[in-house]
Amino acid sequence: MARIAVISDIHGNLIALDRVIADVRSRRVDRMVCLGDIVGYGPDPKECLDIVRQYCDGIVAGNHERGVTEPDLAVNWRPLAKAGIEHARAQLSGADIAELERLPVSFTMGSEVIGVHDSPEPSEHGMNYLRTRADAARAFRWVEHSVALIGHTHVPACFATIAEPDREVATEQVSAFQVARKLLGPGQQNRGAFVASAKFELPRFGRAIVNPGSVGQPRDGDTRASYAILDLDEQTVEFRRVSYDLARAQQRIEQSDLPSAAAARLALGA
103 MARIAVISDI HGNLIALDRV IADVRSRRVD RMVCLGDIVG YGPDPKECLD
153 IVRQYCDGIV AGNHERGVTE PDLAVNWRPL AKAGIEHARA QLSGADIAEL
203 ERLPVSFTMG SEVIGVHDSP EPSEHGMNYL RTRADAARAF RWVEHSVALI
253 GHTHVPACFA TIAEPDREVA TEQVSAFQVA RKLLGPGQQN RGAFVASAKF
303 ELPRFGRAIV NPGSVGQPRD GDTRASYAIL DLDEQTVEFR RVSYDLARAQ
353 QRIEQSDLPS AAAARLALGA
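Here the sequence shown stands for residues 103 to 372, where the numbers follow our numbering.
Written as structure tokens, this is what we have:
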């Protein structure tokens with residue numbers, strides 16, 4: 103299990119997921135895991151769920167899976183999110199929904215890796231946003247494994263600390279890797295200068311929190327699908343961006359009962 107492909111936040115975007123799977127299969131990985139939010143927002147929740155079940159041997163429930171299985175949870179969500187949940191319920195079979203209900207909130211791989219959807223820090227709603235060094239400092243109090251894999255923000259990120267486990271971690275004890283800056287490439291002022299990948303070394307005697315970004319709905323200004331490859335032997339994480347047919351994905355949305363705003367959002371990368 104040395105090389106692990108990590109995907110998250112697919113959100114029913116089958117066109118993007120197909121391209122990511124193709125890229126993963128060309129990268130010599132030993133296994134693949136999914137950090138949730140397979141459904142919601144996008145037009146093809148069932149097809150995405152089927153693919154994730156085929157390729158991933160570690161899957162957790164995201165808040166959008168919970169929105170499908172626990173209708174009261176999504177009552178106060180924004181209209182676009184609620185529309186995606188209603189669409190998913192209509193597209194998924196009873197057996198599919200029952201399978202979503204059985205998804206765990208976390209998985210582990212020995213003492214090295216734990217995977218969750220939003221944050222290692224527990225919450226009743228399962229919708230913590232881990233975006234900053236201060237957020238990571240709080241979350242590290244709950245991380246005993248070498249690497250915690252998270253999603254939910256739709257933004258690729260990596261935080262590290264050499265602070266001891268089971269102790270309070272100060273913000274200044276957390277390093278934030280410049281993932282977004284690296285992915286912009288050398289022409290950082292040119293928004294068209296995105297690069298295909300960026301690799302970072304993880305601390306060999308510390309802990310890391312890794313967010314692979316979103317396959318189906320990136321929110322960092324780059325419209326390409328995002329995922330990561332964690333190499334436990336080399337102690338590295340590589341963030342990869344994969345182009346896909348965005349116009350075709352938008353067309354799939356327009357042909358469904360989803361709001362057209364869901365298609366427009368894909369082109370914003372936000």
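All C-beta atoms in this analysis are idealised placements derived from N, C-alpha and C, irrespective of residue type, glycine included.
Rounded C-alpha distance that separates residue i from residue j
| i | j | result |
| --- | --- | --- |
| V141 | R309 | 30 Å |
| D198 | R367 | 27 Å |
| H373 | R168 | Because residue 373 is not part of the residues shown, which for the chain are 103 to 372, the question remains open. |
| R235 | G228 | 20 Å |
| Q275 | A192 | 47 Å |
| A349 | S299 | 23 Å |
| T263 | Q337 | 14 Å |
| R342 | D125 | 9 Å |
| P206 | V170 | 15 Å |
| R293 | A200 | Note on R293: pLDDT 49, under 50, position unreliable in the model; the coordinate value appears next. Using only the alpha carbons, I get a separation of about 43 Å. |
| Q291 | Y346 | Legend: pLDDT at Q291 = 45, less than 50; position of this residue unreliable, value from coordinates given subsequently. Answer to the nearest angstrom: the Cα atoms are 23 Å apart. |
| H256 | P320 | 5 Å |
| Y157 | M134 | 6 Å |
| D335 | M211 | 14 Å |
| A369 | T325 | 6 Å |
| K148 | E266 | 42 Å |
| A185 | L202 | 18 Å |
| V215 | S110 | 16 Å |
| S128 | L119 | 14 Å |
| N230 | T273 | 17 Å |
Those residues which DSSP pairs with residue i across a bridge
| i | result |
| --- | --- |
| D333 | R105, T338 |
| G217 | F209, L251 |
| R343 | S328 |
| I112 | Its beta-bridge partners do not exist; DSSP assigns none. |
| V312 | L251, C260 |
| S277 | A262 |
Heavy atom of the ligand NAP within 7 Å of residue i beta-carbon
| i | result |
| --- | --- |
| T263 | With respect to the ligand NAP, the structure offers nothing, as it holds no ligand at all. |
Test item: CB-CB of residue i and residue j under 8 Å
| i | j | result |
| --- | --- | --- |
| V344 | V122 | yes |
| G196 | F209 | no |
| H189 | L360 | yes |
| A327 | V317 | yes |
| V281 | A239 | no |
| V245 | P222 | yes |
| A241 | L251 | no |
| C260 | F307 | no |
| V339 | L304 | yes |
| V131 | R105 | yes |
| R354 | D139 | no |
| L194 | V162 | no |
| H166 | G144 | no |
| E356 | A363 | no |
| G164 | H219 | yes |
| A278 | G323 | no |
| P314 | P224 | no |
Span of the alpha helix (DSSP H), counted from its first residue to its last, around residue i
| i | result |
| --- | --- |
| A363 | 362-368 |
| V126 | 116-127 |
| R240 | 235-242 |
| R306 | Note, R306: premise wrong, no alpha helix (DSSP H); not H, not E. |
| E356 | 348-356 |
Extent of the continuous beta strand (DSSP E) to which residue i belongs
| i | result |
| --- | --- |
| A300 | 299-303 |
Minimum length 4: unbroken alpha helix (DSSP H) runs contained in the stretch 131-205: 147-157, 165-171, 181-193, 196-204
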